[in-house]
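Chains as they are written, first to last, in the working numbering: chain W, 1 to 138; chain P, 139 to 276.
2 protein chains.
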Amino acid sequence: MEHRIIMSDLPAALEEAIAFNDKGLVMAVAQQHDSGEILMVAWMNRESLAETLETRQVCYWSRSRGKLWRKGESSGQTQKLVELQIDCDGDSLLLRVDQKGVACHTGRRSCFYRSLNTDGGLDDTLPVVTDPGKLYGA
Amino acid sequence: MEHRIIMSDLPAALEEAIAFNDKGLVMAVAQQHDSGEILMVAWMNRESLAETLETRQVCYWSRSRGKLWRKGESSGQTQKLVELQIDCDGDSLLLRVDQKGVACHTGRRSCFYRSLNTDGGLDDTLPVVTDPGKLYGA
């Protein structure tokens, strides 16, 4: 029986289409599939993408920690993959997901909660819906 | 009378909030403001962002050409800035825009027109609505 390496295999069409950068990464935008909200932007490598496709639970690559980042692993705020899209030049992915709870570590639904106002300042546009202390058991 | 440098100035709150990378760039996701469609992902530097805020017409930084990329300058498919948002760690911008015509150089509304199917292949999900030859006068 052949040994099949699941976690680092990508479908051939994806491997051909994705232009991983010189660090082996591709950026990924997560969008709530039904509402269209942009939730966050992060990076993936081959391994995190292959795991995401296998489990249908989104896994990123954490550049700061240098390891796989299984979204929601500690906070419970997971992202279920609904659809994977890729852009024309292959250097960005669009993850259409179903976000459980909040995407942002600040306890807001989306990481994009600051908006430039007409005075050149930044307004908070989204409420904290979950206490970050509860998310991370502080 | 003081000379005011407009094109490289950013509002102080933005300058403080944005984490430009080691090449002086920040990624930007363009989203149609009313429909929620993700149109494209590109990069900005301080100059392109300052020009965008000044003119309200989106200008990116082209990494391949090493110059300002005034979106739609040759194709006429401009993006009007409606709202600028920034994420929690400051390394991504969300440009809520009004896209004239098509965002993609292939003549499709969005650059994200390929979707992974259940067989591991990529399906085209958006039609070509404008002949690319017409967009670029070929």
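For every residue, glycine included, the Cβ atom is placed at its ideal position computed from N, Cα and C.
Only buried fits tyrosine 198 (chain P), as 16 or more other CB atoms lie within 10 angstroms of its CB. One finds Cys226 in chain P with Cβ atoms closer than 8 Å to the Cβ of histidine 105 (chain W), taken in chain order. For the segment 196-218 of chain P, there are no residues whose beta carbon sits under 7 Å from a beta carbon of chain W.
Look at serine 115 (chain W) here: in three-state DSSP terms it is strand. Residues are counted here when their Cβ sits less than 8 Å from a Cβ of chain W; for the segment 173-185 of chain P these are Ser173, Gly174, Glu175, Ile176, Met178, Val179, given in chain order.
Around the beta carbon of threonine 52 (chain W), 16 or more other beta carbons lie within 10 angstroms, which makes this residue buried. Within the DSSP bridge table, the entry for aspartate 123 (chain W) names W:Ser115 as partners. Residues of the segment 113-125 of chain W that bring their beta carbon within less than 8 Å of a beta carbon in chain P comprise Tyr113, Arg114, Ser115, Leu116, Gly120, Gly121, Leu122, Thr125, in sequence order. At a Cβ-Cβ threshold of 8 Å, valine 97 (chain W) and valine 82 (chain W) count as neighbours.
DSSP places leucine 25 (chain W) in no alpha helix (DSSP H); its state is neither H nor E. Taken through DSSP and simplified to helix, strand or coil, alanine 180 (chain P) comes out as strand.
The DSSP-derived three-state label of lysine 71 (chain W) is coil. For a cut-off of 8 Å, the C-beta gap from alanine 50 (chain W) to aspartate 87 (chain W) is around 19 Å, too long to register as a contact.
The beta carbon of alanine 155 (chain P) falls within 8 Å of a beta carbon belonging to chain W, placing the residue at that interface. If you check the CB distance, serine 74 (chain W) and tyrosine 136 (chain W) come in under 8 Å. Secondary-structure assignment with DSSP links serine 200 (chain P) through a beta bridge to P:Lys205.
Sequence-distant partners of threonine 216 (chain P) (beyond 5 residues in either direction) whose C-beta falls short of 7 Å from its own C-beta, in its chain, are Gln195, Lys209, Gly210, Lys238. Judged by DSSP secondary structure, lysine 218 (chain P) falls within the beta strand (DSSP E) whose first and last residues are 217-224. Between alanine 17 (chain W) and arginine 247 (chain P), the CB-CB gap reaches or exceeds 8 Å.
Only exposed fits alanine 12 (chain W), as fewer than 16 other CB atoms lie within 10 angstroms of its CB. Beyond the five residues adjoining it in sequence on each side, aspartate 89 (chain W) comes within less than 8 Å, by CB distance, of Ala19 in the same chain, given in chain order. Spanning the alpha carbons of valine 129 (chain W) and glycine 107 (chain W) requires a straight line of approximately 6 Å. Contact note: leucine 84 (chain W) reaches chain P through Ser253, Leu254, using a C-beta cutoff of 8 Å and chain order. If the five residues before and after valine 179 (chain P) are omitted, its C-beta is found closer than 6 Å to the C-beta atoms of Val167, all from its own chain and listed in chain order.
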